[in-house]
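All remarks here apply to the structure that follows.
In this note's numbering, the protein residues as written are 1 to 99.
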């Protein structure tokens with residue numbers, strides 16, 4: 001077992017999941033539900049399943065593409081998202097609020 005990779009994966013996912021929509025949904029569900037345990041196991045199971053599917057997909061893609069290319073694709077994708085958020089998101093938000 002690669003403990004460094006395990007720790008890095010845990011910290012990355014933990015920090016990225018703080019305050020996201022799924023956590024807010026879990027808060028809303030547990031606030032109005034009778035069983036917080038059911039909400040915990042339901043949301044934990046959903047996160048485990050989506051993470052498992054991501055690992056399977058990543059492993060399959062890594063079989064066909066070199067790691068350096070995958071990192072480059074991810075970097076370009078994040079850069080495009082950042083540019084869209086910085087420059088184009090304000091125009092869409094302002095047009096939604098105008099009558």
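Heads up, the beta-carbon is just placed ideally off N, CA and C, and yes, glycines get one too.
Note that the structure is predicted; figures quoted are calculated from it, not measured.
| query | result |
| --- | --- |
| With H, G and I counted as helix, E and B as strand and the rest as coil, what does DSSP make of residue 33? | coil |
| Looking at the structure shown, is residue 18 part of a helix, part of a strand, or coil, going by DSSP? | coil |
| Name the residue from 54, 56 and 23 whose alpha carbon lies nearest to the alpha carbon of residue 44. | 23 |
| So, is residue 55 buried or exposed, given that buried needs 16 or more other C-beta atoms within 10 angstroms? | exposed |
| Could you give the first and the last residue of the continuous alpha helix (DSSP H) run that contains residue 78? | 67-83 |
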